[in-house]
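Residue numbers (the working numbering): 203 to 559. Backbone N, C-alpha and C define an ideal beta-carbon position, used for all residues, glycine too. Owing to the predicted nature of the structure, the values given are computational and were not obtained by experimental measurement.
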């Protein structure tokens, strides 16, 4: 498969490192995963190649951090049977069905079906005892109107957060705390460098499923988690509200290269930045990041020339078969991204494919 299906980008420090030393699996200190719901299917095959073929060639400990679907996929990738778990997650996600309409109870039912496919108690034990990988996920603990479920009150909270975010990320501190649920064997160094209060809570076999669900609990679509074993009482929602595409420079203080398989070539720090191109993360916040993303040519070859999107549930309402066909096509095509990455890795010619962030 041609490497033209894949784009590689690197922050300043990562670029200098690769030019001097190349890129080997033993150089990776952390792997990040972004929010984006169905968009993840676009890079499913890339994740499989990274966790089944490339990273197993090394032995160092590696942090895994994600929010929302990024948290879900890394909970699969961080298992000893990563390929099986990632496939179960992807197939479960594709097979969701809302023929009777989308509401919170039905969404909860469908998501529990997905979770049960790849993260029951034996898999949770496996994830938190992995000899190399240390799994962490980001969750937003909410305050004020964002801590309410009543439609108008929550809408007020969402609107207020939008306007506060326009003034600057630090103003979100009044409505959110960043909570990193982390493998207690190797707690990551984090801090609220963007002005958002940040704390670490330990994961356990008893709370990892709750934390994973909380990390993807989208307002209006899902009920928040109100009790996560071992953590303070609170209203826990989708970690993507704060860290939509987690930007290391905003909170991550662990040293070393950060591998970032992603479906775009840019990062939007928070959910409220989705329509603000000026908020795309700059190179200064991505110093040690190596981002791997599908090329425009690859995306053009997908059904409709588009990557899967959560809006497809409405777009193909009443026609699950067509949505599932398109999403499964994206999943199958994503295997080419993994092949392209492994081809570059075998050649060692990283500079020929690398661009600065």
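Which of the three DSSP states, helix, strand or coil, is assigned to residue 522?
In the structure shown, residue 522 sits in a helix (DSSP, three-state: H, G or I).
Between the beta-carbon of residue 497 and the beta-carbon of residue 248, is there less than 8 angstroms?
No.
Return the chain-ordered list of same chain residues with a C-beta closer than 8 angstroms to the C-beta of residue 351, the five sequence neighbours on each side being excluded.
Here the set comprises 425, 426.
Starting from residue 232, follow its DSSP beta bridges and name the residues at the other end.
Answer is 265, 460.
By a C-beta neighbour count over all protein chains shown, 10 Å radius and 16 as the cutoff for buried, is residue 509 buried or exposed?
So residue 509 ends up on the buried side.
C-alpha gap between residue 382 and residue 490, whole angstroms
C-alpha separation (whole angstroms): 20 angstroms.
Neighbourhood of residue 308 by C-beta distance below 7 angstroms, restricted to the same chain and skipping five residues each side:
So the qualifying residues of the chain are 300, 302.
Report the residue ranges of all alpha helix (DSSP H) runs contained in full by the region 368–437; include only those spanning at least 4 residues, in chain order.
Complete alpha helix (DSSP H) runs here, min 4: 410–417.
Between the alpha carbons of residue 203 and residue 499, how many angstroms are there, rounded?
In this predicted model, residue 203 has a pLDDT of only 47, less than 50, meaning its place in the structure is not dependable; the value taken from the coordinates is given anyway. Straight-line Cα distance between these residues: approximately 13 angstroms.
Between which two residues does the beta strand (DSSP E) holding residue 482 run?
Segment: none, residue 482 is in no beta strand (DSSP E) and carries neither H nor E.
Residue range of the alpha helix (DSSP H) that residue 289 falls in?
Looking at the DSSP string, the run of the alpha helix (DSSP H) that includes residue 289 is 284–296.
Tell me whether the beta-carbon of residue 269 lies closer than 8 angstroms to the beta-carbon of residue 417.
In contact: residue 269 and residue 417 (Cβ atoms closer than 8 angstroms).
Just verifying my parser: in three-state terms, what is the DSSP assignment at residue 454?
The answer is strand: DSSP assigns residue 454 an E or B state.
Measure the C-alpha to C-alpha separation of residue 458 and residue 544 and round it to an integer number of angstroms.
Take the alpha-carbon of residue 458 and the one of residue 544: they are about 22 angstroms apart.
What is the rounded straight-line gap between the Cα of residue 447 and the Cα of residue 520?
Distance between the alpha carbons of residue 447 and residue 520: 31 angstroms.
Residues bridged to residue 217 (per DSSP)
Answer by DSSP bridge pairing: none, since residue 217 is not bridged.
Is residue 501 helix, strand or coil by DSSP?
Looking at residue 501 - three-state DSSP - the assignment turns out to be helix.
Taking 8 angstroms as the cut-off, does the region 249–257 touch the region 523–535 (at least 3 CB pairs, one atom from each stretch)?
Not touching, per the Cβ criterion.
Could you check where the beta strand (DSSP E) with residue 494 kicks off and where it finishes?
491–496 is the extent of the beta strand (DSSP E) around residue 494.
Residue nearest to residue 394 in terms of C-alpha spacing, selected from 451, 421, 356:
With distances taken between Cα atoms, residue 394 lies closest to 451.
Measure the CB-CB distance between residue 433 and residue 406 and report whether it falls below 8 angstroms.
When the beta-carbon positions are compared, residue 433 and residue 406 stay at least 8 angstroms from each other.
The region 320–336 / the region 434–442 touching (three or more Cβ pairs under 8 angstroms):
The region 320–336, when compared against the region 434–442, does not touch it at the 8 angstroms Cβ threshold.
Can you look up residue 203 in the DSSP assignment and give me helix, strand or coil?
Per-residue confidence for residue 203 stands at a pLDDT of 47, beneath the threshold of 50, marking its modelled position as unreliable; the derived number appears in the next sentence. In the three-state DSSP reduction, residue 203 falls in the coil class, being neither helix nor strand.
Could you work out which residue in 264, 477, 465 is closest to residue 238 when comparing CA atoms only?
Ranking the options by Cα distance to residue 238, first place goes to 465.
Secondary structure at residue 345, three-state DSSP: helix, strand or coil?
Three-state result, residue 345: coil.
Assuming residue 264 and residue 231 form a contact by the criterion Cβ under 8 angstroms, report the distance between their Cβ atoms to the nearest whole angstrom.
About 7 angstroms separates the beta carbons of residue 264 and residue 231, which is inside the 8 angstroms limit, making them a contact pair.
Return the chain-ordered list of same chain residues with a C-beta closer than 7 angstroms to the C-beta of residue 482, the five sequence neighbours on each side being excluded.
These residues qualify, in order along the chain: 468, 469, 470.
Is it buried or exposed for residue 305, if we count other Cβ within 10 angstroms and need 16 for buried?
Exposed, by the Cβ-count rule.
Would you call the CB atoms of residue 225 and residue 492 closer than 8 angstroms?
A contact, by the Cβ cut-off of 8 angstroms.
Quick check on residue 336: buried or exposed, where buried means 16 or more other Cβ atoms within 10 Å of its Cβ?
So residue 336 ends up on the buried side.
Helix, strand or coil for residue 352, going by three-state DSSP, please let me know.
In the structure shown, residue 352 falls within a coil segment according to DSSP collapsed to helix, strand and coil.
Rounding to the nearest angstrom, what Cα-Cα distance links residue 371 and residue 553 in this structure?
C-alpha of residue 371 to C-alpha of residue 553: approximately 35 angstroms in a straight line.
What residue range does the alpha helix (DSSP H) around residue 330 cover?
Following the DSSP letters along the chain, one finds residue 330 in no alpha helix (DSSP H), marked with neither H nor E.
Which residue wins for smallest C-alpha separation from residue 512, given the options 216, 347, 206, 423?
It is 423.
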